[in-house]
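**Student:**
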Amino acid sequence: MAPHNPSYLIIGAGVFGVSTAYYLIQKYPNASVTLVDRDAYDAESRVAASWDWNKVVRADYDDKVYCRLALEAQDIFKSDPLWQPYFHQTGVYWTCRSNYAQNVITNHKELGRNDDIIALPVSEARKLYGGLFDHADYTGVKEVLINRASGWAAAGDVLRAVTKKCLELGVKYVAADVATLEFDGRSCTGVKTKSGEILSATHVIVAAGAFTPTLLEWSAAKSGNTGLRAGERILAAGITTGMAQLKREQYEQFKDMPVGFQGYTPDEGKPFIGSLPPTKDGELKWWGSKIFKNTREVLPGRYLSSPPPTHDYNQWKVPGPLKQDIIESRNLWYGPESADWEMTKHRICWDAFTTSSDFIISPHSASKGLYVATCGSFHGFKFFPVLGKYITQMLEGELEPELVEKWAWDRQRSDSSQNVEYPNSEMKHLLGVTAKL
Ligand SMILES: Cc1cc2nc3c(=O)[nH]c(=O)nc-3n(C[C@H](O)[C@H](O)[C@H](O)COP(=O)(O)OP(=O)(O)OC[C@H]3O[C@@H](n4cnc5c(N)ncnc54)[C@H](O)[C@@H]3O)c2cc1C
Numbered sequence: 001m002a003p004h005n006p007s008y009l010i011i012g013a014g015v016f017g018v019s020t021a022y023y024l025i026q027k028y029p030n031a032s033v034t035l036v037d038r039d040a041y042d043a044e045s046r047v048a049a050s051w052d053w054n055k056v057v058r059a060d061y062d063d064k065v066y067c068r069l070a071l072e073a074q075d076i077f078k079s080d081p082l083w084q085p086y087f088h089q090t091g092v093y094w095t096c097r098s099n100y101a102q103n104v105i106t107n108h109k110e111l112g113r114n115d116d117i118i119a120l121p122v123s124e125a126r127k128l129y130g131g132l133f134d135h136a137d138y139t140g141v142k143e144v145l146i147n148r149a150s151g152w153a154a155a156g157d158v159l160r161a162v163t164k165k166c167l168e169l170g171v172k173y174v175a176a177d178v179a180t181l182e183f184d185g186r187s188c189t190g191v192k193t194k195s196g197e198i199l200s201a202t203h204v205i206v207a208a209g210a211f212t213p214t215l216l217e218w219s220a221a222k223s224g225n226t227g228l229r230a231g232e233r234i235l236a237a238g239i240t241t242g243m244a245q246l247k248r249e250q251y252e253q254f255k256d257m258p259v260g261f262q263g264y265t266p267d268e269g270k271p272f273i274g275s276l277p278p279t280k281d282g283e284l285k286w287w288g289s290k291i292f293k294n295t296r297e298v299l300p301g302r303y304l305s306s307p308p309p310t311h312d313y314n315q316w317k318v319p320g321p322l323k324q325d326i327i328e329s330r331n332l333w334y335g336p337e338s339a340d341w342e343m344t345k346h347r348i349c350w351d352a353f354t355t356s357s358d359f360i361i362s363p364h365s366a367s368k369g370l371y372v373a374t375c376g377s378f379h380g381f382k383f384f385p386v387l388g389k390y391i392t393q394m395l396e397g398e399l400e401p402e403l404v405e406k407w408a409w410d411r412q413r414s415d416s417s418q419n420v421e422y423p424n425s426e427m428k429h430l431l432g433v434t435a436k437l
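As structure tokens, this is what we get:
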């Protein structure tokens with residue numbers, strides 16, 4: 001049940017925040033729904049992990065819950081006129097060093113889906129797509145998962161389009177940096193921006209991605225309510241992406257490629273590494289194998305992982321060792337023949353992580369009227385079309401019990417040792433002591 005005259009203030013206009021605004025304004029056209037973000041939604045450059053040239057939209061999950069939700073989201077990407085122009089069904093090519101492929105295929109069958117999804121031996125798979133992945137690293141690969149139903153989305157473009165739609169439907173957008181949450185006793189009543197403006201609402205939803213732990217830490221200090229801190233629940237982590245400009249003839253060769261994933265296991269000490277089909281401007285993107293935290297003092301005597309303290313998180317200032325990581329990952333896909341590719345862009349992208357890579361979509365247990373909806377853990381984008389549905393259910397106490405437990409603020413947390421994505425190094429250690437951030 002929605003409360004009388006509810007109002008919603010959402011901190012963060014990434015996929016978690018925007019999807020929430022989109023669902024809320026459709027369900028309650030007369031409600032006050034406000035998105036507040038440090039960057040304008042149509043800014044040239046944004047720090048949001050959700051803002052990107054392209055992101056993988058796949059339903060190849062061995063976790064049945066995410067498999068189901070990813071299928072639900074992918075169906076919207078394929079059919080709804082708001083989302084459809086941004087989705088590209090190129091398929092996915094996934095080298096598997098575990099039973100991943102079989103687990104995914106089983107999930108799809110059990111969910112009653114008949115997508116074109118198969119597992120092939122390496123010798124057969126590497127001949128596909130004109131042998132584009134023939135030079136990839138196949139050490140330890142058991143089989144290759146091919147799912148022709150998956151693909152990618154033009155991430156920044158669809159984020160802008162859905163935000164614009166929200167504004168047309170009545171959502172307000174405030175471009176401002178939030179300094180702290182505001183409280184009346186233990187109830188959260190809104191936020192204070194860095195310029196001193198107060199924004200108030202009955203429901204305050206923190207969807208601030210990698211900045212969430214820092215914002216909660218600042219708010220704990222301001223209010224004296226130490227229970228607000230994220231503690232071990234959320235870790236801000238960074239990863240580097242690189243883009244190369246393909247020459248005309250290379251573009252012709254790569255333009256119909258599928259999304260590629262190198263699936264490693266914890267024993268190999270690498271995360272899974274992906275490469276996406278070229279953009280229409282002929283730029284090919286992939287990401288590195290180093291996933292790192294950035295522990296720094298966010299308040300006197302308080303240390304936690306947080307993106308660098310500049311407006312743009314220094315996301316475009318990528319130091320040499322991280323550029324080297326990009327070269328090494330490129331070789332895992334395209335081998336020595338890619339040595340002369342012209343690199344056009346490097347970016348460090350920050351996201352919020354949990355040890356199990358499960359989201360947090362939950363009331364905050366230390367304050368009334370305060371909710372948390374983030375922790376995409378490097379896989380949250382693809383759920384953009386459905387996140388808001390589940391976040392709205394959470395706000396109204398209608399989330400199914402399995403999801404309540406999976407996404408709770410307070411829950412049993414697994415250790416991170418089996419999670420190949422979980423950051424295990426400090427950025428400063430990767431860069432060496434002399435590097436400046
Ligand atoms: C390199 C990389 C590749 C990825 N690839 C994929 C992929 O292929 N497929 C996939 O499904 N997922 C992928 N992900 C994961 C996905 O991008 C994220 O999980 C998801 O976008 C997180 O969304 P979010 O809304 O939680 O956070 P964000 O998108 O980061 O949004 C948070 C917003 O909060 C705002 N904010 C923060 N602090 C404040 C403040 N104090 N005041 C005001 N505003 C604030 C920020 O400006 C930002 O706009 C990838 C992530 C990375 C880093």
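Residue numbers (full-length UniProt numbering): 1 to 437.
Just so you know, even glycine gets a beta-carbon here, dropped at the ideal spot from N, CA and C.
By DSSP, does leucine 437 sit in helix, in strand, or in coil?
**Tutor:** Against the sequence shown, residue 437 aligns to sequence position 437. Note that leucine 437 scores a pLDDT of 45, beneath 50, so its modelled location is shaky and nothing firm can be said.
**Student:** Going by C-alpha to C-alpha distance, which of Ile348, Pro85, Lys247, Ser223 sits closest to serine 367?
**Tutor:** Residue mapping note: residue 367 aligns to position 367 of the sequence shown, counting from 1. The residue with the shortest Cα to Cα distance from serine 367 is Ser223.
**Student:** For aspartate 157, which three-state DSSP category applies?
**Tutor:** Along the sequence shown, read from residue 1 onward, the residue named residue 157 stands at position 157. Residue state, collapsed to three classes: helix.
**Student:** Note down, one range per segment and in chain order, each beta strand (DSSP E) of at least 3 residues found wholly within the stretch 86 to 118.
**Tutor:** 92 to 96
**Student:** Nearest CA to the CA of glycine 263: which residue from Leu332, Ala237, Ala220, Lys317?
**Tutor:** Translated into positions along the sequence shown, residue 263 becomes position 263. Considering only alpha carbons, the answer is Leu332.
**Student:** Between isoleucine 205 and ligand 2, is the CB less than 7 Å from at least one heavy atom?
**Tutor:** With respect to ligand 2, the structure offers nothing, as its ligand set consists of ligand 1.
**Student:** Keeping to the same chain, check which residues put their C-beta closer than 6 Å to that of histidine 88; ignore five residues upstream and five downstream.
**Tutor:** As a working mapping, residue 88 is identified with position 88 in the sequence shown. Shown here for histidine 88: same chain residues with a beta carbon closer than 6 Å to its own, the five before and five after excluded, namely Gly151, Trp152 in chain order.
**Student:** Verify whether the separation of the beta carbon atoms of alanine 49 and glycine 14 is less than 8 Å.
**Tutor:** Position 49 of the sequence shown, counting from 1, holds the residue named residue 49. Position 14 of the sequence shown, counting from 1, holds the residue named residue 14. Cβ atoms of alanine 49 and glycine 14: closer than 8 Å.
**Student:** By DSSP, does tryptophan 341 sit in helix, in strand, or in coil?
**Tutor:** Taking the sequence shown and counting its residues from 1, one reaches residue 341 at position 341. Of the three classes helix, strand and coil, the one that applies to tryptophan 341 here is coil, per DSSP.
**Student:** Considering only heavy atoms of ligand 1, does any lie closer than 7 Å to the CB of isoleucine 326?
**Tutor:** On the sequence shown, position 326 is the one that residue 326 refers to. No, since every heavy atom of ligand 1 falls outside the 7 Å radius drawn around the Cβ of isoleucine 326.
**Student:** When you measure from the CB of cysteine 166 to every non-hydrogen atom of ligand 1, does any distance come out below 7 Å?
**Tutor:** Numbered from its first residue, the sequence shown carries residue 166 at position 166. Cysteine 166 Cβ: outside cutoff for every heavy atom of ligand 1.
**Student:** According to DSSP, is cysteine 375 part of a helix, a strand, or is it coil?
**Tutor:** Residue 375 sits at position 375 when you count from the first residue of the sequence shown. Three-state result, cysteine 375: coil.
**Student:** For alanine 236, which three-state DSSP category applies?
**Tutor:** Stepping through the sequence shown from its first residue, residue 236 is reached at position 236. Alanine 236 falls in the strand class under three-state DSSP.
**Student:** What residues are listed by DSSP as bridge partners for tyrosine 173?
**Tutor:** Translated into the one-based positions of the sequence shown, residue 173 becomes position 173. BP columns for tyrosine 173 point to Leu35.
**Student:** Is isoleucine 239 near ligand 1 - that is, is its Cβ less than 7 Å away from at least one heavy atom of it?
**Tutor:** By one-based count along the sequence shown, residue 239 stands at place 239. Yes, the Cβ of isoleucine 239 comes within 7 Å of a heavy atom of ligand 1.
**Student:** Pull up the distance between the alpha-carbon of valine 47 and that of valine 318, whole angstroms please.
**Tutor:** As a working mapping, residue 47 is identified with position 47 in the sequence shown. As a working mapping, residue 318 is identified with position 318 in the sequence shown. Spanning the two alpha carbons is a distance of roughly 14 Å.
**Student:** In chain order, what residues of the same chain lie with their CB nearer than 7 Å to the CB of aspartate 134, ignoring the 5 residues before and after it?
**Tutor:** As a first step, residue 134 must be located in the sequence shown, where it is residue number 134. So the qualifying residues of the chain are Arg126.
**Student:** Please list, in chain order, all residues of the same chain as glycine 274 whose beta carbon is under 7 Å from its beta carbon, the five residues on each side excluded.
**Tutor:** Taking the first residue of the sequence shown as position 1, residue 274 is located at position 274. Contacts found: Val56, Val259, Gly260, Phe261, Trp286, Trp287.
**Student:** What residues in its chain sit with their C-beta under 7 Å from that of threonine 355, if we drop five residues either side in the sequence?
**Tutor:** Locating residue 355 in the sequence shown gives position 355, where the first residue counts as 1. Result list for threonine 355: Arg413, Ser414, Asp415, Ser416, Asn419, Tyr422, in chain order.
**Student:** Answer yes or no: the CB of isoleucine 361 versus the heavy atoms of ligand 1, is any distance below 7 Å?
**Tutor:** For this step, residue 361 is matched to residue 361 along the sequence shown. Checking the Cβ of isoleucine 361 against ligand 1 gives no.
**Student:** Rounded to whole angstroms, what's the CA-CA distance from serine 306 to alanine 220? Just pull it up for me.
**Tutor:** The count along the sequence shown starts at 1 and reaches residue 306 at position 306. The count along the sequence shown starts at 1 and reaches residue 220 at position 220. For serine 306 and alanine 220, the gap between their C-alpha atoms comes out near 16 Å.
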